[in-house]
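Take a look at the structure below.
In my numbering, the protein residues as written are 6 to 198.
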């Protein structure tokens with residue numbers, strides 16, 4: 006799968022320069038992704054159990070990495086480097102964004118997506134949504150569903166730009182402040198082939 010193959014990942018140009026590569030999240034990415042999740046959401050979202058999600062055969066998690074620094078770090082040797090690899094501690098390029106989705110029998114459900122706050126508005130979120138769309142198409146699923154905070158106008162615009170439509174509203178959906186969620190749907194993917 007092209008979106009997940011790190012060795013042959015397509016380099017995606019960003020607004021304001023630079024490139025990213027999108028690949029499957031690994032255990033070695035978890036610490037950096039947790040930091041990014043806290044930076045993007047603060048305490049508004051419950052903490053994702055990424056280790057469990059990576060073992061879940063019905064979940065797919067992607068990361069967007071800075072392609073300029075991908076592979077720029079030399080292979081480290083010695084006992085400390087061995088221990089870092091063994092523990093899954095990553096020393097690679099900075100992770101600029103991530104997305105996670107659950108596979109159901111009829112659709113892909115985009116459950117989380119975040120971009121490093123300093124890297125927002127450069128096209129990383131757009132690239133991640135397109136990569137999630139590719140996951141759905143490759144799994145032969147016809148649609149992608151998601152929930153988004155009603156107050157998150159930027160995310161709603163991004164999803165609409167990607168072809169999602171508003172499909173409903175869930176009252177008092179978010180437990181931290183009882184905010185409503187907008188349900189959005191991107192369908193007709195099997196016809197898009």
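Glycine included, C-beta positions come from ideal geometry on N, C-alpha and C.
- Message: Looking at the secondary structure, which residues open and close the alpha helix (DSSP H) in which residue 55 lies?
- Response: 55-60
- Query: Going by Cα to Cα distance, which pick from 73, 47, 130 is closest to residue 115?
  - Reply: It is 130.
- Helix, strand or coil at residue 2 [DSSP, three-state]: Lying outside 6 to 198, the shown extent of the chain, residue 2 is not represented and no answer is given.
- Is the CB-CB distance between residue 165 and residue 41 below 9 Å? no
- Residue of 105, 124, 107, 70 minimising C-alpha distance to residue 98: 70
- Boundaries of the beta strand (DSSP E) in which residue 115 is found, first to last residue: Element bounds for residue 115: 112-120.
- Taking the alpha carbon of residue 151 as the point to measure from, which residue in 31, 30, 182, 108 has its own alpha carbon closest? Closest option to residue 151, Cα to Cα, is 108.
- Message: The beta strand (DSSP E) that contains residue 145, what's its start and end?
- Response: Neither: residue 145 is in no beta strand (DSSP E) and is coded neither H nor E.
- Which value, in whole angstroms, describes the spacing of the CA atoms of residue 112 and residue 20? 31 Å
- Message: Between which residues of its own chain and residue 56 is the CB-CB distance below 8 Å, once the five residues before and five after are set aside?
- Response: 32, 35
- Assign residue 105 to one of three DSSP states: helix, strand, or coil. strand
- Task: Decide if residue 159 is buried, meaning its Cβ has at least 16 other Cβ atoms within 10 Å, or exposed.
- Result: exposed
- Message: Excluding the 5 residues flanking residue 24 on each side, which residues of the same chain have their C-beta closer than 7 Å to its C-beta?
- Response: 16, 17, 18, 72, 73, listed in sequence order.
- Query: Going along the chain, which residues of its own chain have a beta-carbon closer than 6 Å to the beta-carbon of residue 65, five neighbours each way excluded?
  - Reply: Cβ neighbours of residue 65 beyond the five flanking positions: 106, 140.
- Task: Given a cut-off of 9 Å, decide if residue 187 and residue 174 are closer than it, judged by their beta-carbon atoms.
- Result: yes
- Item | Identified DSSP bridge partners for residue 175 | Looking at the DSSP assignment, residue 175 forms a beta bridge with 186.
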